[in-house]
Amino acid sequence: MQTYIYPEYEVVRDRAKCVNCRICERECANGVHRFDEKLKVMVEDSAKCVNCHRCVCMCPVHALKIVKSDDTYKLNANWDNRTINEIFKQADSGGVLLSSMGNPNTYPIFWDNLLINASQVTNPPIDPLREPMETQMWLGSRVVSIRRDAEGKLVDTLKPQLKLSVPIMFSAMSYGSISYNAHESLARAASELGIYYNTGEGGLHKDFYKYGANTIVQVASGRFGVFREYLDTAAAIEIKMGQGAKPGIGGHLPGAKITADVAETRMIPEGADAISPAPHHDIYSIEDLRQLVMSLKEATDYKKPVFVKIAAVHNIAAIASGIARSGADVIAIDGFRGGTGAAPTRIRDNVGIPVEVALAQVDQRLREEGIRDNVSIVAGGSIRSSGDLLKAIALGADACYIGTAALLAMGCHLCRSCHSGKCNWGIATQRPDLVKRLDPDEGARRLVNLVTAWKHELEEMMGGMGINSVEALRGNRLMLRGIGLTDRELNILGVKSAGESM
Amino acid sequence: MKIDAKDMACEQLNAAIKASADRKIEVTDVVGQRYIATACSDKEIEIHGTPGNAMGAYLDGATIALYGNAQEATGDTMNGGEIDVFGSAGDATGYAMRGGKIFIRGDVGYRCGIHMKAYRDNKPAIVIGGRAGSFLGEYQAGGTIVVLGDEIGDKPVVGYFCGTGMHGGEMYLRCDRIPVTLPPQVKAEQIDAIPSDVKALVERWCKLFDKDVKTYTGAKFFKLTPDSENPYKRMYTSN
Ligand code: SF4
Ligand code: SF4
Chain P
0 MQTYIYPEYE VVRDRAKCVN CRICERECAN GVHRFDEKLK VMVEDSAKCV NCHRCVCMCP
60 VHALKIVKSD DTYKLNANWD NRTINEIFKQ ADSGGVLLSS MGNPNTYPIF WDNLLINASQ
120 VTNPPIDPLR EPMETQMWLG SRVVSIRRDA EGKLVDTLKP QLKLSVPIMF SAMSYGSISY
180 NAHESLARAA SELGIYYNTG EGGLHKDFYK YGANTIVQVA SGRFGVFREY LDTAAAIEIK
240 MGQGAKPGIG GHLPGAKITA DVAETRMIPE GADAISPAPH HDIYSIEDLR QLVMSLKEAT
300 DYKKPVFVKI AAVHNIAAIA SGIARSGADV IAIDGFRGGT GAAPTRIRDN VGIPVEVALA
360 QVDQRLREEG IRDNVSIVAG GSIRSSGDLL KAIALGADAC YIGTAALLAM GCHLCRSCHS
420 GKCNWGIATQ RPDLVKRLDP DEGARRLVNL VTAWKHELEE MMGGMGINSV EALRGNRLML
480 RGIGLTDREL NILGVKSAGE SM
Chain B
0 MKIDAKDMAC EQLNAAIKAS ADRKIEVTDV VGQRYIATAC SDKEIEIHGT PGNAMGAYLD
60 GATIALYGNA QEATGDTMNG GEIDVFGSAG DATGYAMRGG KIFIRGDVGY RCGIHMKAYR
120 DNKPAIVIGG RAGSFLGEYQ AGGTIVVLGD EIGDKPVVGY FCGTGMHGGE MYLRCDRIPV
180 TLPPQVKAEQ IDAIPSDVKA LVERWCKLFD KDVKTYTGAK FFKLTPDSEN PYKRMYTSN
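So the sequence lines, in the order shown, correspond to chains P and B. The first sequence begins at 0 in numbering that gives the first Met the number 0 and counts up one residue at a time. The second sequence begins at 0 in numbering that gives the first Met the number 0 and counts up one residue at a time.
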C-alpha cells in the first residue's frame, strides 16, 4: 500500500487565457505541465508542483495561479493535515523527513512584538536627506593594550577589523547548496556594496578569488576546500560550529550533488559524499576552540578577524562568553528560523531558540562580564527587513547576516524544496540548464537594490529617533519597547513595555 | 639557520621561522610552542624538543622532522609536504589532511586520520609505526593510513571504533587478525602483499627510522575499505 497524498497546492490554469505557448512546460523542472496532443490543450499534474511560482511568473498571458488546495482530512486541531501526511510519508518510506529553508511554523516572532522609538519636540529628529548619517560599522575585537615604541609614540595594537558600509552581510551559503551564478551574484553585490558574503563550508571557486576582499571563508568540521590560499584570499575566516536551522546536526551533501566543479571547489573527488558532522572532533572545549582560532590566525599572520558561528541554543549566553575569551573576534549567532539547503524536518522545526532572545542574552551577559568589547556580534536567522535589522542592532548586534532575504532578492520564491536540487530559479541547483536562468548581472543588481533600500530605510528610522550613527544605536535598548509580551519576555529581551517612559 | 626556542612564546617562534630567509631551519629546545610551521610551503624544518598542538597545521609543501614527541592535531588540514615524527604523536593527527605524508615512528592517539581526503593527484598518507588509538580513520574519505604494529607486544594494533563513518580511502593494518569489531560499512580483507604505492610508504618509514624493510613489507596485512554495498548514509524522505 502506498498512500495517496492529495497535492497541497493546485495549479489552476485559465483555459480562456492560455495560448498553448508551452512556456510553463519548458520552465518547470518538476514536469508539472504537459501539452496533451490529443486534446490540444495544456494539462497539469499538481502532485508534482512545489509551488515555486516559476510558471506563474513566466506565463506571458498570466493564465496560471497556484492555490492552496481545499481538500482536507476530517478537521482535527490536534492531527492537522500536515502532521497526518508526514506520518504517511514515513510509513511509506521509513525515511527521516527532510526539509529546506527556515522553520515555517507559527512560533512567536519577537521582532513583531518590538516597537521603535521616535523623537518629538525635545530631541529633534534628523533628516537623513539633509544631514550626514553614518551607517558604517567595524567588526572585530576592540580591546587594545596601550603600548609605546622607543620614541614614546603609541603603537597601533588594534586587532584586524572588517569595515562594512552597511551593517549587513550575506550569510554562509555553500557552492553546492547554491549555484555558481548565485555565488557570483552574492560576491559581486558584496564588492559593490562594500560589505561581505560568506562562502559557506564548500570552498571558494577559483573564479571568485578576485572578490576576496569582500569574502568571508568558512572552516567547518569537514574542512572542505580549506588550504593556505583560501585563507589568504579572504577578508575574514569563519569557524562554523553550528547553524540555526539544524543545531547539533552537520551537513551531508550526497555524492550525486557533487558535480565536477563543486568537487573541485570542495577539493574532493567528483561524486564522493561530502560529510561534515556537527562536532569538530578536535573541539570539545573553549580551549580546543581557541586552538583552531589561533591556528587560523597563525596561518594568516594575525591579519584577519576570525568569526565563530554558533546556533542559538538554550545555553547560548554562557557559550558566547566562552567564545569571547577564545581569541575569536566576532561571534555570529544564528537563530532557529534561519534557512538551510536541507535539514531533517524535526530538527529544523523543534530545535534552538529565536535569535532575538539569544542576541539580547548574549549582549547582556558579555556586558555584565565586562568582555563585550572583546568581540563583535553578528545576528542572523531570519532578518526579514530593515525593521528587524534596526531592532537587532538596538538589541546589541554590530551587524546582521541575511540569507533568505538575499535569496528572495535573487528570485527565490521560498518553495522550500532546495533539497531536491531542481530549483526552477537557478539558485539551489547544479543543473546547468537551470543555473543559467539566474543571470549574475541581474542577481547582483537586485541584491544591491535590496541592501541599498534597507540602508535608506535604516537611515530614515535612525533619523526619526534622532540618532545619526549605527554605532550609537548599537545596544541602545531604550529605543525599543515591547508590545504583547510577558514581563519575563520583556526581561529576557531587556526592553521596557510600550507605554513605559524612559 | 638555527633558532633556540628556549623562553620564546609561540608567536615569536613562528614569526622567526616565517622570517627566516634560509630554507633549512633547525629549531632546538622547543617546549610546547603551538602552531609551528603553520601553512608553511617552502622550508625544511628540523625540530628538537616537544612542540605544542597543531604543528604543521595547513602545511603546504614544507617538510618537518621532529626529534621528539608531537602533541595533538599535528598536520591539521595539511595540503602537502611531509612530517616525520621520531617519537609518538597525539590525538587527531592528520585531521582532514588532503595531501602530503606523515610518518610516525611510535604510536598515535585517538582519531588519527579523521576526515582525511584525497583530491586529484593528492593522496595523503599516514604511516604509524606502533599502534593507533580509538577512532582511527573516522570519517575517512580518501588517502591511505598504514599501521605497522612495531614493538607493541600483545597490545592491539588499533583501538576501538576503527573506521567509524569511513566512506573513502583505505587503511592497511599489519596484524594477523583485526582486534576489534569494525563498523558495518567497513570491509576488511587479508592480503598477502601490499600494493606498490603502500610498499613505497612502508619503505620510506623503514628508511627514516632505520628498520628492516623485509620485516614490514613482507608481513600479512589487513586492508580496510568502505563497503560500497553498505554505504554510510541515512535514508531521507522529502518533506
Ligand atoms: S505559459 Fe501560460 S499561456 Fe503558455 S502554455 Fe503555460 S499556461 Fe498557457
Ligand atoms: S532557493 Fe529555489 S528551491 Fe530553494 S526555496 Fe528558493 S525557489 Fe525554492
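Note that CB positions come from ideal geometry on N, CA and C, so glycine has one too. This structure is a prediction, so every number in the text was calculated from the model and none was measured.
At least 8 Å separates the CB of VAL350(P) from every CB of chain B. For LEU413(P), the distance from the CB to the nearest heavy atom of ligand 2 is below 7 Å. Taking one beta carbon from each stretch, the region 454 to 463 of chain P and the region 383 to 400 of chain P have 3 or more pairs nearer than 8 Å; the two touch. Look at ASP196(B): its C-beta is not under 8 Å from any C-beta on chain P. If you draw a straight line from the Cα of LYS154(B) to the Cα of GLY129(B), it comes to about 10 Å. Residue pairing from DSSP places TRP137(P) in a beta bridge opposite LYS162(P). Nearest CB-CB separation between GLU137(B) and chain P: below the 8 Å threshold.
DSSP, read as helix, strand or coil, puts SER294(P) in helix. PHE169(P) is classed as buried because its beta carbon has at least 16 other beta carbons within 10 Å across all chains shown.
Of all residues in the region 278 to 293 of chain P, only HIS280, ASP281, GLN290 and MET293 place a beta-carbon less than 7 Å from a beta-carbon of chain B. Contact note: PHE226(P) reaches chain B through TYR57, ASP59, THR76, ASN78 and ARG97, using a C-beta cutoff of 8 Å and chain order.
Between ligand 1 and ARG12(P), a heavy atom-to-CB distance of less than 7 Å is present. Relative to ligand 1, the beta carbon of ALA62(P) is positioned inside 7 Å of a heavy atom. Contact annotation for VAL95(P) against chain B: ARG233, MET234, TYR235 and THR236 [CB-CB distance below 8 Å, chain order].
PRO253(P): not part of any beta strand (DSSP E); DSSP gives it neither H nor E.
Comparing C-alpha distances from THR344(P) to each of LEU97(P), VAL55(P), LEU163(P) and THR82(P) shows the shortest one belongs to LEU97(P). Around the C-beta of SER176(P), 16 or more other C-beta atoms lie within 10 Å, and the residue is accordingly described as buried.
Within a 10 Å sphere around the beta-carbon of ARG415(P) sit 16 or more other beta-carbons, which makes this residue buried. For the set TRP78(P), THR71(P), ILE22(P) and ASN77(P), the Cα lying nearest the Cα of VAL60(P) is the one of ILE22(P). In terms of beta-carbon proximity, ARG222(P) lines the interface with chain B, with at least one pair separated by less than 8 Å. Counting along the chain, the unbroken alpha helix (DSSP H) around THR82(P) starts and ends at 80 to 92. The three-state secondary structure of LYS42(B), taken from DSSP, is coil. Within the same chain, and ignoring the five residues on either side of GLY402(P) in sequence, the residues whose Cβ sits closer than 8 Å to its Cβ are PHE169, SER170, ALA171, MET172, GLY337, GLY338 and GLY379. At a cut-off of 7 Å, the beta-carbon of CYS23(P) counts as near ligand 1: some heavy atom of the ligand is closer than that.
Beyond the five residues adjoining it in sequence on each side, VAL143(P) comes within less than 6 Å, by CB distance, of THR156 and LEU157 in the same chain, given in chain order. Only those residues of the region 96 to 127 of chain B whose C-beta falls short of 7 Å from the nearest C-beta of chain P are listed: ARG97, ARG110, ILE113, HIS114, LYS116, ALA117 and TYR118. Not one heavy atom of ligand 1 is found less than 7 Å from the C-beta of HIS52(P). Judged by DSSP secondary structure, PHE306(P) falls within the beta strand (DSSP E) whose first and last residues are 305 to 310. For GLN217(P), the enclosing beta strand (DSSP E) starts and ends at 214 to 218. Here ILE127(B) is buried: its Cβ has 16 or more other Cβ atoms, across all protein chains shown, within 10 Å. Within 7 Å of the CB of ASN52(B), the CB atoms of chain P belong to GLN290, in sequence order along the chain.
Excluding five sequence positions before and after LEU472(P), the CB atoms of its chain that fall closer than 8 Å to its own CB belong to LEU389, ILE392, ALA393, MET461, MET464, ILE466 and MET478, given in chain order.
One finds ARG227 in chain P with Cβ atoms closer than 8 Å to the Cβ of SER40(B), taken in chain order. Under DSSP, CYS399(P) shares a beta bridge with ILE167(P) and ALA378(P). Within its own chain, the residues whose Cβ lies closer than 8 Å to the Cβ of LEU181(B), once the five positions on either side in sequence are excluded, are CYS161, GLY162, ALA187 and LEU223, listed in chain order. Around the beta carbon of ARG119(B), fewer than 16 other beta carbons sit within 10 angstroms, so the residue counts as exposed.
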